[in-house]
Amino acid sequence: MQNSLTQFLIEQQRSEQLIEPELRLLVELVARACKRIGHVISKGALGDVLGSLESENVQGEVQKKLDVIANEIFLEANEWGGHLAALASEEMETIHPVPNRYPKGEYLILFDPIDGSSNVDVNLSVGTIFSVLKAPDDISGRDASEADFLQPGNRQVAAGYAIYGPQTQLVITLGRGVFGFTLDREMGSWRLTHPDMRVPTKTTEYAINASNARHWDEPVRQYIEDCLAGTDGGRESDFNMRWTASMVADVHRILTRGGVFLYPSDSRPSVTEGKLRLLYEANPMAMLIEQAGGGAITGDQRILDVQPIGLHQRVSVILGSADEVSRISKLYEAARIDL
Ligand code: AHM
Ligand code: MG
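Each residue of the sequence shown is one higher than the last, beginning at 9 in the working numbering.
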């Protein structure tokens, strides 16, 4: 039988000296939260969890019932363990310091409780994304602040997501490779089913919301035009397109069989900085993709090197198979030279 998540983490701690006990606990609690979130999602109409609330989140988006429920589950499952100083999420305007009734630790976690939540009501895949940082050294003896979270993605110590699809899976990186676990519902535990996930370097599949085409920057437009031309154009291959409107599902497909995902910034006033959020969507996915041998850029720079200036800031995201990301990067470079 495949190793459980617990066995995997203990081995990482023992043989590889990769992780501290607190980080092991953190990953176990995140996994437990995801198990609960997956359970609630699966109830659907039977659990009265579908549909929207009257409220909006800090980004001005209408909150789904499940956005709020999953946020609560994640907070409750993670705040008591003594390893965290504070949490932050897409659904909360400001950070959530660990309440004083619990011991505090040196880690910070950012999360998107339900990514792609518009998919919930139509019974398509959604996910939970998380990113783990170490708080600055002076954290003990003071309250965590928003500024503590504003670290570039290259400082993440762990990242991952759970995907609630035909199977419920957890995909994590602790900074050395990417590992996928499948939830064994009979045993109630996560099993290591996808050790050492790698993004194939080459692909002929891309993911983009094509309805935004008229707003795209020239390099993205040119890249997609070349793909669309297929065997009639310079690429000499026909391309396939997939878009699920759930980044977790698109990234999971890319981690499994390759591909490139683009949600670039564009000329619409609401998307000039991109749509996806840097700290709890782009950074964790960029770390996973890079750890699996792929690339992750904004267009002009590596996502993991972007210095954050706000908790909920958005960023242009292009990630996936290394050869395609490098091709797109060259198109951006050429566009800069032309200016
Ligand atoms: P969400 O976190 O509010 O669900 O939004 C993020 C989602 C991503 O999962 C997905 O890639 C993108 O938004 C889809 O956007 P669009 O509906 O513009 O295609
Ligand atoms: Mg999201």
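Virtual Cβ for every residue (Gly too), placed ideally from N, Cα, C. Computed from a predicted structure; not experimentally measured.
With a cut-off of 8 Å on Cβ pairs, the segment 268 to 278 is not in contact with the segment 147 to 163, counting fewer than three such pairs. Secondary structure note for VAL268: its beta strand (DSSP E) is the uninterrupted segment 268 to 271.
Per the coordinates, the alpha-carbon of ARG32 lies some 12 Å from the alpha-carbon of GLY90.
Closer than 8 Å to some heavy atom of ligand 1: that does not describe the Cβ of ALA221.
Non-local C-beta neighbours of LEU286 in its own chain, meaning closer than 8 Å and more than five positions away in sequence, comprise GLY161, ILE311, VAL314, PRO316, GLN321, ARG322 and VAL323, ordered along the chain. Note: THR190 is bridge-paired with GLN177 and ARG199 in the DSSP secondary-structure output. Distances between the C-beta of GLY124 and the heavy atoms of ligand 1 include at least one below 8 Å.
Looking at the DSSP output, ARG335 sits in no beta bridge, so it has no partner there.
The Cβ atoms of LEU92 and LYS73 do not sit closer than 9 Å to each other. Per DSSP, GLN21 lies in no beta strand (DSSP E); the unbroken alpha helix (DSSP H) holding it starts and ends at 13 to 22.
Counting along the chain, GLN299 sits inside no beta strand (DSSP E); it lies in the alpha helix (DSSP H) bounded by residues 291 to 299. When DSSP reads this structure, LEU95 sits in a beta bridge with HIS104 and ILE117.
In this structure, DSSP gives THR280 a state outside helix and strand, which the three-state scheme calls coil. In the DSSP assignment, ASP274 forms a beta bridge with TRP224. Remark: the shortest separation between the CB of ASP258 and any heavy atom of ligand 1 falls under 8 Å. Counting C-beta pairs with one atom in each stretch, the segment 243 to 263 and the segment 210 to 217 have three or more that are closer than 8 Å, which means they touch. In the displayed model, TYR110 falls within coil according to three-state DSSP, outside both helix and strand. Residue burial annotation: VAL130 is exposed, with fewer than 16 other C-beta atoms found within 10 angstroms of its C-beta. About 5 Å separates the CB atoms of ALA143 and GLU114; that is less than 8 Å, so the two are in contact. Inclusion of THR136 and ILE122 in the CB contact set at 9 Å is warranted, their separation being smaller than that value. Rounded to the nearest whole angstrom, the CA to CA distance from ASN220 to THR280 is 13 Å.
Just so you know, the alpha carbons of ALA343 and SER23 end up roughly 47 Å apart. In chain order, TYR214 and PHE247 place their CB closer than 6 Å to the CB of CYS235, counting only its own chain and leaving out the 5 sequence neighbours on each side. Just so you know, the alpha carbons of ARG109 and TRP88 end up roughly 8 Å apart. Shown here, PHE247 sits in coil according to DSSP, grouped into three states, outside any helix or strand.
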